[in-house]
Amino acid sequence: MTILEVRDLKKTYTGRFGAQRVEALKGVSFTVEAGEYVAIMGESGSGKTTLLNVLAALDKPTGGTVLLDGRDLSTVRDGEIAAFRRENLGFVFQEFNLLDTFSIRDNILLPLVLGGVRANELEERLIPVAASLGITEILDKYPYEVSGGQKQRAAAARALITRPKLLLADEPTGALDSQSSSELLRVFEQINRAGHTILMVTHSTDAASHAKRVLFIRDGVVFHQLYRGESTNEQLYQKISDTLTMLRRGGAAE
Amino acid sequence: MSLYFRIAAQNVRKNYRFFIPRILTEAGLLACLYIVYTLVRDERMSSVKGGAYLPTFMVIGVAVISLLSVILMLYTNSFLMKQRKREFGLYNVLGMEKRHVGKVLFWEGAIGSVLGVFLGLLLGVLFYKLSALLICRLLAVDSVLGFYYVRAETLIPPALFFLAIDLFTTLVNWIGLARMKPVELLSSAQTGEREPRVRWLMLLVGAASLGAGYWLSVSTENPLRAIVLFFVAVFLVILGTYFLFVTGTTFVLKRLKANRSYYYQKRHMTAVSGLLYRMKQNAVGLASICILATGVLVMISTTVSLYAGTEQTLDRNYPRHELYLSADYDTADGELLPIPFEAMREIITDAGARCGVPVRQIEQQRYLTVGYAFENGVCVTDRNEGSWTNAADFIYLTAGAYETLTGEAVTLAPDELAFCVIAANAPKEHYELETLTIGGQVYRIKAYLPSFPIETAMISTNRYGVVVADDAVLEAIYLDQREAYGETYCSSFTDRVCVSFQDRSRVRALGTEVDKAISMGLYTWVEAQPDHTADVTWHSAWDAYWESAEAVYGMYGTFLFLGILLGLVCLFATALIIYYKQISEGYEDRGRYQIMEKIGMSQTEVRASIRSQVLLVFFLPLAAAAVHVCFAFPMLLRLLRLLLLSSTGLFVACTAVTFAVFALVYVAIYSVTARTYYKIVH
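Chains as they are written, first to last, in the numbering used here: chain F, 15 to 268; chain R, 7 to 688.
Below, the structure is given as structure tokens:
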């Protein structure tokens, strides 16, 4: 079943006086099936952040369509967008984006509370998610009291607790040390095995090598894609590496 | 111009959100200080009718405004420095040494200082003229000032005072700078803050202190005791307010947070936890706003009602007569003889006629006033035994004199008397006494009189009127107190002439003429006596309606002006604190606002949440101030009674109007600063 379908997506930024036009996305098309784990790779300026913002309904495309679970994002009314995002999408950010005025527990519960879930139901929803991410111990601590890896797992818990159709991750390992990174990536694999669909934007080869499929974006178009197939993480890592080298050389040859 | 000066000038421009209020604060405070300082020194103002009170009371103004200026300027400065810590860290990292940053700071201070002082003096000179006109209006005299008062002697000291404050703040900043470590500075904003804890001891002390303050105000009956206890109550309430704002709010919010079904709701969750942190940082500032607001309300409502009640006060103290006069002259052989009533009548009638203010009636009063410690119907004459809490003045008249004055006859046996409670503050049981014990002698109270014909003006202790059978009884009472108090301290009989004129408002305007004419008449009369001294000397005691009117208008008008000015300064301080709070919170909330939007809170929801928090934070002090004023009310009313204001209704009205006006101004300040806040957040 297709969860996400992106068709000929275009985004053009116009400078303040209309003089400069930057085409960030020039026609991106791809689909994500339910249960997939897709990594999107690209260098700075390749358009991957713009793509993520459009998918997250934080930004509107200039052309093309995004269908999430069959629903066209452009048909969601402005007033509904926040609720739509809350119900259908989960986010993990590079900078964690935990609120320092909340304990880890309250940070995780916040989307549910905003969605109007009753107080006595909250704990039932929290316990399994926290247990699966290994953060049961730190629920009553505050963000500034825990490590970066723990913060990111708490952020993942916050993203998953609403049972989203799609988990969007923007450079989730970007602010983590290598130890915490690999821990988090294992957690992501485990989440994926449990049935969650993940779309991760990254420029880390290591992070991408944990995905089932890797899309490469350059200059606003999908340039190439790799399937894991039967490869191990190490083998996929090597393939990605080769592809990146090829891309770079190809770029230089043009 | 040096490089540092240019950097400083650029910084001032770039950080206008912080510097403009700093400059305005300095200018506003300096203008107020200049005005009160000039009022102390300006002899043209102190020489107008009733203006004699100005120098004395304006000295209070100078003291209060100076103190507030130091506090507010330091507050403003500390705020500025805190906001710019990162900037200084950046300078340091970019290779500027601390002494270079110090030079930039110096020039920033200098620019602010020069602009502030210049603007302040300009405003001061402009508004001095306005103030002088207002005072003339309040003192009910014609304006005497046709030009601006600009003298170096009143311009320089306030300006120097503010330059000294600025120099001091620069020193403080240098010391702060020397202690800074650049790495810490750069990351200072990143460290998370701990959730505040409830400090139980502080909470209990705060609640007890506030309760005690309120209780003192409500329970203190005796106005003289109220004077002393008022300041105790003020201190207790201030202490209680600070403590309760700091801990009480945390306590309540923690309780709300602990209540899961309340806390985990869309509306409450972000607001409660947001407030918990907000209160931690703002409690002291909010308590200060509350205190300042209460100060403004109390100062303005009391001074306004005193002033508004002036006519009432005058009428109450001069119900029937406009002039009380007694006069004696020295004889050649060293004796002091009273000028007879008939002669006085003639002199006064003549003087009135000559000044165009005809006399309606003249009467003679002879009475005795004695001070006692009065308890349970017993008058105690022992000087050491009587404490000031139950001090009372007794005014004695004989039945004959009473009849002459009122036209009503009272028949009394030697052991009987008629009693009248003149003071409004006397306890209830004084209206139900059976007997009075005076000088060891027990008298039966035959009748309670509804009113007493002797008015003694401007006295605030409890007063009682007593009518005794005849001169013999009066003499006995006189001798008794003379024996008890001794020759030097005992009271003697008052003989006075009471005059009422036909047109009260006319005699008020022409009072000084009447004074002169009577003095002339007395001189002529004494000179005509065969036994007068070589240089014709006489002594007279005056109590004139027109002089009191001048004094009361002078005093209450000055009070009112001071109340308005200090009220404005407090309001200004309030506005400043609110403004800086809004700005610093805006910068802090920006990050949170963005995160909440990312995780699926709509813009309207975020805005509603922030709005409700901010509203609560800023209207809590106003509400607390309203409660303070309500509880202060009974005590203030008693204090105002001492100052001879008797109308409760007037005071209620003045307080209500003051509060309404203040609330409006507060809302205006709030909405202006809220706009700045939203601009920062977006």
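Every residue gets a Cβ at the ideal spot worked out from N, C-alpha and C, and that includes glycine. These numbers come from a predicted model, not from an experiment.
Contacts around residue i, its chain only, beta-carbon distance under 8 Å, and the 5 residues preceding and following it disregarded
| i | result |
| --- | --- |
| R:L183 | F94, K104, V107, G108 and L111 |
| R:Y454 | A424, F425, C426, V427 and Y437 |
| R:M87 | N179 and G182 |
| R:P731 | One cannot answer for residue 731 of chain R here, as it falls past the ends of chain R, which runs 7 to 688. |
Sub-7 Å separation of residue i and residue j beta-carbons
| i | j | result |
| --- | --- | --- |
| F:G234 | F:E57 | no |
| F:V42 | F:L23 | yes |
| F:A6 | F:M214 | With chain F covering only 15 through 268, there is no way to say anything about residue 6 of chain F. |
| R:C504 | R:H327 | yes |
| F:G163 | F:L190 | yes |
| F:N102 | F:K179 | yes |
| R:A638 | R:C296 | no |
| R:C660 | R:S311 | yes |
| F:I122 | F:R172 | yes |
| R:F133 | R:A33 | no |
| R:Y402 | R:L374 | yes |
| R:D48 | R:G115 | no |
| F:V68 | F:P186 | no |
Delimiting residues of the alpha helix (DSSP H) encompassing residue i
| i | result |
| --- | --- |
| R:D595 | Y551 to K604 |
| R:Y491 | D477 to Y495 |
| R:I401 | Looking at the DSSP string, R:I401 is not in any alpha helix (DSSP H); the run it does join, the beta strand (DSSP E), is A397 to T404. |
| F:G41 | Per DSSP, F:G41 belongs to no alpha helix (DSSP H); it is in the beta strand (DSSP E), R35 to E47. |
| R:F347 | F347 to C361 |
| R:Y155 | Premise fails: R:Y155 is in no alpha helix (DSSP H) and is neither H nor E. |
Nearest-angstrom beta carbon gap, residue j and residue i [assumed within contact, 8 Å]
| i | j | result |
| --- | --- | --- |
| R:T160 | R:T82 | In fact, because the Cβ distance is near 25 Å, the residues do not count as touching under 8 Å. |
| R:W544 | R:D334 | 7 Å |
| R:V278 | R:K263 | 6 Å |
| R:I353 | R:T664 | The pair is not a contact, with the Cβ atoms about 48 Å apart (cut-off 8 Å). |
| R:I1 | R:G130 | In this structure chain R extends from 7 to 688, so residue 1 of chain R is not present and cannot be described. |
| R:V70 | R:L572 | 6 Å |
| R:V612 | R:Y593 | Not confirmed; about 16 Å, so no contact. |
| R:A555 | R:R502 | 19 Å between Cβ atoms; not a contact. |
| R:A293 | R:L628 | Not a contact, Cβ separation roughly 13 Å. |
Collapsed DSSP secondary structure at residue i in the structure displayed
| i | result |
| --- | --- |
| R:T160 | helix |
| R:L222 | helix |
| R:A674 | helix |
| R:S53 | coil |
| R:S546 | strand |
| R:T619 | For clarity, residue 619 of chain R is Gln in the given sequence; the question names Thr instead. Correct three-state label for R:Q619: helix. |
| F:I149 | coil |
| R:N21 | coil |
| F:A173 | helix |
| R:M87 | helix |
| R:N468 | strand |
| F:F237 | strand |
| R:L411 | helix |
| R:Y330 | strand |
| R:H688 | coil |
| R:D541 | coil |
| R:E701 | Past the boundaries of the shown model lies residue 701 of chain R; chain R is included only from 7 to 688, so the question cannot be answered. |
| R:Y43 | helix |
Span of the beta strand (DSSP E), counted from its first residue to its last, around residue i
| i | result |
| --- | --- |
| R:P344 | L342 to P344 |
| R:Y378 | V365 to E381 |
| F:L82 | G77 to L82 |
| F:E19 | T16 to T28 |
| R:K434 | Careful: R:K434 lies outside any beta strand (DSSP E) and carries neither H nor E. |
| R:I451 | Q447 to Y454 |
| R:H506 | Residue identity differs from the one stated: residue 506 of chain R is Ser in this sequence, not His. Per DSSP, R:S506 belongs to the beta strand (DSSP E) from F499 to F507. |
| F:F230 | R227 to R232 |
| R:V258 | It is not in any beta strand (DSSP E) - R:V258 instead sits in the alpha helix (DSSP H) that spans T255 to A264. |
Same chain, Cβ closer than 7 Å to residue i, neighbours up to 5 away in sequence not counted
| i | result |
| --- | --- |
| R:A218 | L242 |
| R:Y559 | G56, L145, A146 and T316 |
Contact set for residue i: own chain, Cβ-Cβ below 6 Å, skip 5 residues either direction
| i | result |
| --- | --- |
| R:T679 | I584, Y585 and Q588 |
| R:P364 | G358 and Q508 |
| R:F578 | G34 |
Beta carbon proximity, residue i to chain A, threshold 7 Å
| i | result |
| --- | --- |
| R:Y593 | Annotation note: the requested chain A is absent from the structure, which comprises protein chains F and R. |
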